[in-house]
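Notes follow once the structure below has been shown.
In this note's numbering, the protein residues as written are 691 to 962.
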């Protein structure tokens, strides 16, 4: 207590000055609207900057949680999108659900080999199985080839074994999507007949002939085209919407009626 009294006595002039200054500033701010507004504007600016900094810091540390929320929302929207049936479908189908979608993260991705693969952090435990389609927000990535309990490997569209049904958007002209290994951003569309009128920039999407992908999933745009040696079919280079060298998130598509379709086609082919 004595030390506090000694401190006050030693700095009594300074403390008196600060006290009187505080009173003077308070009276000035209260009695003059200009000074009052400047004071509160400065205070608001300071607190605003503090809140903004606090928000930025908390947002940074919450990015992972926010990304997870956005993935879940995209997953819900894609489930709705892929199950929008046409009027005819509602007549001949006993269910409005044709596809289920599973979100996943890409933990490994190759793109510089003739046969490239993508590894996902979801497996059979999460319902992933062979021959399910894999896409992301920009378009198709490939088809599930093998699964373990918690992981899956995907045959990338940048794979010489890849062969996916694709078509020119808003038409019924389709062909086979393959890769010639020359460019990680370019794939090829073959077997499109010469009678089709093509234009550079036309959009290429998945076709209706596949039991793996829903129709009209984006793939890319026509980069260039020419007729093959027989002059009967086009050789078409497609610029992919996806940057296949930089992938992070994915969606696995399960056509829940695929087995029924394949069984029926097998019976038809074998004449049963």
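Glycine included, every Cβ here is placed at the ideal spot set by N, Cα and C. This one's a predicted model, so the numbers in the text were calculated from it and none came from an experiment.
Neighbourhood of residue i by C-beta, 7 Å cutoff - its chain only, sequence neighbours within 5 removed
i: residue 845; result: 807, 832, 833, 835, 851 and 852
i: residue 899; result: 855 and 864
i: residue 881; result: 865, 866 and 923
i: residue 815; result: 839 and 840
Spatial neighbours of residue i in its chain, beta-carbon cut-off 6 Å, leaving aside the 5 residues before and after
i: residue 911; result: 891, 893 and 929
i: residue 838; result: 813
i: residue 803; result: none
7 Å Cβ cutoff met for residue i and residue j
i: residue 932; j: residue 865; result: no
i: residue 796; j: residue 937; result: yes
i: residue 877; j: residue 847; result: yes
i: residue 861; j: residue 809; result: no
i: residue 1045; j: residue 915; result: Any question about residue 1045 goes unanswered here, given that the chain covers just 691 to 962.
i: residue 918; j: residue 790; result: no
i: residue 870; j: residue 805; result: no
i: residue 822; j: residue 951; result: no
Residue i - partner residues in DSSP beta bridges
i: residue 832; result: 824 and 846
i: residue 891; result: DSSP output for residue 891 lists no bridge partner at all.
i: residue 940; result: 794
i: residue 878; result: 868 and 927
i: residue 804; result: Paired residues: none, contrary to the question.
i: residue 908; result: 895
i: residue 916; result: 925
i: residue 857; result: 864 and 895
i: residue 704; result: In DSSP, residue 704 forms no bridge with anything.
i: residue 788; result: Residue 788 is not bridged to any residue.
Alpha-carbon spacing of residue i relative to residue j, whole angstroms
i: residue 794; j: residue 934; result: 16 Å
i: residue 908; j: residue 949; result: 24 Å
i: residue 885; j: residue 879; result: 15 Å
i: residue 875; j: residue 819; result: 27 Å
i: residue 913; j: residue 788; result: 33 Å
i: residue 868; j: residue 800; result: 17 Å
i: residue 920; j: residue 953; result: 36 Å
i: residue 955; j: residue 946; result: 16 Å
i: residue 709; j: residue 703; result: 10 Å
i: residue 896; j: residue 960; result: 28 Å
Residues near residue i in its chain [Cβ-Cβ closer than 8 Å; skip 5 each side]
i: residue 643; result: Any answer about residue 643 is impossible in this case: the structure gives the chain only from 691 up to 962.
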